[in-house]
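Here is the structure we will look at, set down as C-alpha cells.
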Amino acid sequence: MKLGYELTIEQSQKLVMTPELIQAIQLLQFNTQELDSYVQEQILANPVLERAEKTDSDSSETAESDNDPNSKKNEDIEARKEDQEFDWGEYFREKGYDDISYKQGGVNYDDQNDYSYEQYVPSDTSLTDHLMMQLDFVNMKPACKMIARYLIEALDENGYLTSSIQEVCQVFRAREEKVQEALSVIQGFEPVGVGARDLKECLLIQLHQLGKDKPEARQIVENHLEDIAANRLSNIAKALGISIKEVQDISDDIKSLEPKPGRQFGGTGDNRYIIPDVTVEKVGDEYVVTVNDSTAPRLNINPYYQKMLLDADKESSISKFLSGRLNSALWLIRSIEQRRQTIFNVVTAVVGYQRDFLEYGPKHLKTLTLKQIADEVGVHESTVSRSINGKYMQTPRGLFEIRYFFTSGVTGNDGSSIASESIKAIIKEMVDNEDPKAPLSDQAIAESMVECGIEISRRTIAKYRDEMNLPSSTKRKRF
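Residue numbers (my numbering): 34 to 512.
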C-alpha cells in the first residue's frame with residue numbers, strides 16, 4: 034500500500050452567497066418601516082448615495098416612469114454594470130452627471146398625504162402622567178399629596194398598586210389612615226379601578242363608581258368569581274338565595290368591567306400603527322394592487338462625487354473607491370425595485386386566487402399554499418415566503434397580514450377544499466345566531482356542517498372555537 038500526498042483537480046458546482054445576493058434577500062424580507070430604516074443606514078454608510086428632495090414629478094404614475102430619462106439612464110447603467118471594471122468616469126462624460134435615482138412607482142400621493150412615522154405615534158400620555166395631572170387639581174395637604182405621588186409611581190402598567198400600605202407608612206413615617214386617605218383619592222381618578230391592590234378590589238371600585246355595588250354584587254365579586262368564569266350561575270343563586278335572572282344581570286355587569294384599567298395607556302408611548310405594505314383597491318370590476326413605496330425614499334447618486342470621479346485618474350485610489358461605492362449604490366437601487374416587483378407579482382397572484390374573499394367575505398376564503406403562488410409567479414417557495422413575511426395588505430374588507438390568505442382547510446363531500454378561516458367564519462356566524470338559552474355544542478355544530486357537505490370532527494370545531502376565543506356552550510348559556 035502506497036502512502037503519500039497527491040494533488041487532484043475536481044470540478045463542482047456550489048451556490049456562493051455574494052454580499053449583493055444577501056442584500057437582495059434581506060430587502061425582500063423587510064416590511065415598509067424596516068426598508069426605510071435600512072435605506073437610511075445605507076445612505077449614512079455610502080457617501081455616493083443621497084436622499085433626493087421631493088419634487089412634483091415624484092407623484093407621477095408608474096406608466097409615466099417608462100418615459101422618464103432617469104429610468105432610461107438606470108437601465109443603461111444596469112446594462113453596463115455587468116462589467117465590474119466599468120469606467121464610471123467615461124460614462125459620466127458621455128451622459129452628464131444628472132441624478133441617477135430610484136423613483137417610486139405606483140399610486141399618487143399628494144404632499145399632505147405623505148406618510149410620516151411621527152403621525153403614527155399616539156399622543157396619549159402615560160398612566161403615571163395622566164394620574165399626576167388629575168392629582169394637580171386636587172386640594173390636599175402637601176404631605177398627603179407627596180404620599181399620593183409616591184403611590185402613583187408605585188402602580189404597575191395595569192394600574193395596580195405594587196407596594197403595601199405598611200411599606201408606604203414606613204417610607205413616610207406616616208399613620209396608616211394618612212396613606213389610606215391618599216390611596217382613596219387616587220382610586221377616585223380615571224381610569225376607574227386604578228389604584229386597586231388586587232382584582233377583587235379593582236372590580237368593587239368600578240361597581241361603586243357605576244352605582245351598581247349592591248350587597249349581592251359585592252358578595253359575588255368577593256366569593257364567586259370562579260363561578261362567574263365557569264358560568265355556574267345556579268350555584269351562585271342557590272348560595273345567595275336570589276333568582277338566576279338576578280345573578281345573570283350581575284354577571285353581565287361584572288363582565289363589562291375592565292380588569293386591567295391601566296392597559297389602555299401606552300406607558301412609554303412607543304406604540305405605532307401598522308403601515309400597509311400593499312394596497313388593494315377595486316376599480317370597476319377589477320382589483321388593482323399597489324405596492325406602498327411612499328415611505329421608501331427616492332435615492333440619488335450625489336453629483337459632487339460624480340464630478341470627483343470625472344476629475345480623478347482612473348488608476349487612483351479615489352477612482353477605485355468611488356467606483357466601488359457606485360456599484361454598491363446601484364445594486365441597492367436595483368434590489369429595491371426588484372423587491373417591489375416581486376411583492377407586486379406575489380400579491381397580484383394572491384388576489385387572483387382570493388377574489389371571492391374580496392367580493393363576498395371570509396366564508397369564501399380558499400385554501401392556498403406557498404407552492405401554488407410560487408408556481409403561478411415562477412419563483413421558489415422561499416421567495417414567496419420572504420416576500421409576504423411580516424407584511425400587511427390593505428383591502429376593501431380591512432387590513433390583513435398577507436399570510437392570512439395562505440391557509441389550510443378541510444375537504445368537502447364534493448372533493449373541494451374549504452379554508453380553515455372559512456370554517457371559523459361559519460362557526461362564528463352559527464354562534465352569533467344561536468339561541469342563547471340553548472347554545473350549540475361543538476358536536477351540534479359539526480353535525481350541521483356535515484349536513485352542509487363539510488366533513489369535520491367535533492375536536493376540530495373545538496380547536497377552531499378556542500382559536501377564536503369563543504367560550505364553550507356551557508359558558509355561553511344565558512338564563
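Glycine included, C-beta positions come from ideal geometry on N, C-alpha and C.
Quantities reported herein were computed from a predicted structural model and do not represent experimental measurements.
- Message: Do R358 and P80 count as a contact pair if the criterion is CB distance below 8 Å?
- Response: Here residue 80 is taken as the residue at index 47 of the sequence shown, counted from 1. Here residue 358 is taken as the residue at index 325 of the sequence shown, counted from 1. For P80 and R358, yes; Cβs fall inside 8 Å.
- Query: Can you find at least 3 beta carbon pairs, one from the segment 227-240 and one from the segment 192-203, that sit closer than 8 Å?
  - Reply: Taking a cut-off of 8 Å on C-beta distances, the segment 227-240 touches the segment 192-203, as three or more cross pairs fall below it.
- Message: If you reduce the DSSP assignment to three classes, tell me which class I487 lands in.
- Response: Walking along the sequence shown from the start, residue 487 turns up at place 454. Correct three-state label for I487: strand.
- Query: Which word fits A458, buried or exposed, when buried means at least 16 other C-beta atoms lie within 10 angstroms of its C-beta?
  - Reply: Counted from its first residue, the sequence shown places residue 458 at position 425. Around the beta carbon of A458, 16 or more other beta carbons lie within 10 angstroms, which makes this residue buried.
- Provide the residue span of the beta strand (DSSP E) that contains A458, from first to last. The residue labelled residue 458 in the question sits at position 425 within the sequence shown. DSSP places A458 outside any beta strand (DSSP E); the residue lies instead in the alpha helix (DSSP H), whose first and last residues are 453-465.
- Query: In the DSSP assignment, what are the bridge partners of R84?
  - Reply: The residue given as residue 84 occupies position 51 in the sequence shown. BP columns for R84 point to L332.
- Message: Quick check: the Cα distance between P336 and K424, rounded to an integer number of angstroms?
- Response: Position 303 of the sequence shown holds residue 336. Position 391 of the sequence shown holds residue 424. Cα to Cα, the separation comes out at about 35 Å.
- Which parts of the segment 399-440 are runs of the alpha helix (DSSP H), unbroken and 4 residues or longer, counting only runs that do not cross its ends? Taking only runs of at least 4 residues, the alpha helix (DSSP H) segments lying wholly in the segment 399-440 are 403-410, 414-421.
- Return the bridge partner residues of V322 from the DSSP annotation. Start at 1 with the first residue of the sequence shown, and residue 322 comes out as number 289. Under DSSP, V322 forms a beta bridge with V313.
- Query: Ordered along the chain, which non-local residues of its own chain (more than five positions away) have a Cβ less than 8 Å from that of M501?
  - Reply: In the sequence shown, the residue the question calls residue 501 occupies position 468. If we look at M501 and ignore the five residues flanking it on each side, its Cβ neighbours are K457, I460, K461.
- D189 versus S450, E200, T161, F170, residue with shortest Cα-Cα distance: If you number the sequence shown from 1, residue 189 lands on position 156. The candidate whose alpha carbon is nearest that of D189 is T161.
- Please check the pair Y60 and S368, which I expect to be a contact at CB under 8 Å, by giving their CB distance rounded to whole angstroms. The residue given as residue 60 occupies position 27 in the sequence shown. The residue given as residue 368 occupies position 335 in the sequence shown. First, the amino acid is wrong: residue 60 is Leu here, not Tyr. About 5 Å separates the Cβ atoms of L60 and S368, confirming a contact at the 8 Å cut-off.
- Query: Say the cut is 7 Å; is the CB of F512 nearer than that to a heavy atom of the ligand NAD?
  - Reply: Looking at this structure, you won't find the ligand NAD or any other ligand, since it has none at all.
- Query: Considering only the beta carbon of each residue, do V417 and V311 sit closer than 8 Å?
  - Reply: Translated into positions along the sequence shown, residue 417 becomes position 384. Translated into positions along the sequence shown, residue 311 becomes position 278. Contact flag unset, no.
- Query: Cα separation between K178 and C235?
  - Reply: On the sequence shown, position 145 is the one that residue 178 refers to. On the sequence shown, position 202 is the one that residue 235 refers to. Within the model, the alpha-carbon separation for K178 versus C235 is close to 22 Å.
- Message: If the criterion is Cβ atoms closer than 8 Å, does the pair Y320 and V384 meet it?
- Response: Taking the first residue of the sequence shown as position 1, residue 320 is located at position 287. Taking the first residue of the sequence shown as position 1, residue 384 is located at position 351. In contact: Y320 and V384 (Cβ atoms closer than 8 Å).
- Kindly identify the DSSP beta-bridge partner or partners of G442. The sequence position of residue 442 within the sequence shown is 409, counting from 1. Here G442 is bridged, per DSSP, to A452.
- Message: DSSP has L188 in a bridge; who is on the other side?
- Response: Locating residue 188 in the sequence shown gives position 155, counting from the first residue. Residue pairing by DSSP places L188 opposite L194 in a beta bridge.
- Counting only the same chain and skipping the five closest in sequence on each side, list residues whose C-beta sits under 6 Å from that of Q167. Counted from its first residue, the sequence shown places residue 167 at position 134. Excluding positions up to five away in sequence, the list reads F222.
- Task: For K174, name the three-state secondary structure that DSSP assigns.
- Result: Residue numbering aside, residue 174 sits at position 141 when the sequence shown is read from its first letter. DSSP places K174 in the coil class of the three-state scheme, outside both helix and strand.
- Task: Return the chain-ordered ranges of every alpha helix (DSSP H) run that is complete within the segment 194-268 and spans a minimum of 4 residues.
- Result: Counting only runs of at least 4 residues, the segment 194-268 fully encloses the following alpha helix (DSSP H) elements, listed from N- to C-terminal order: 198-205, 209-219, 232-243, 248-256, 258-262.
- Item | CB contact flag (V218, M173, <8 Å) | Position 185 of the sequence shown holds residue 218. Position 140 of the sequence shown holds residue 173. Result yes, Cβ atoms of V218 and M173 sit closer than 8 Å.
- Message: Is it the case that the segment 239-254 contacts the segment 269-287, given that we only count it when at least three CB pairs across the two stretches are under 8 Å?
- Response: When Cβ pairs closer than 8 Å are counted between the two stretches, the segment 269-287 is seen to touch the segment 239-254, the count reaching three or more.
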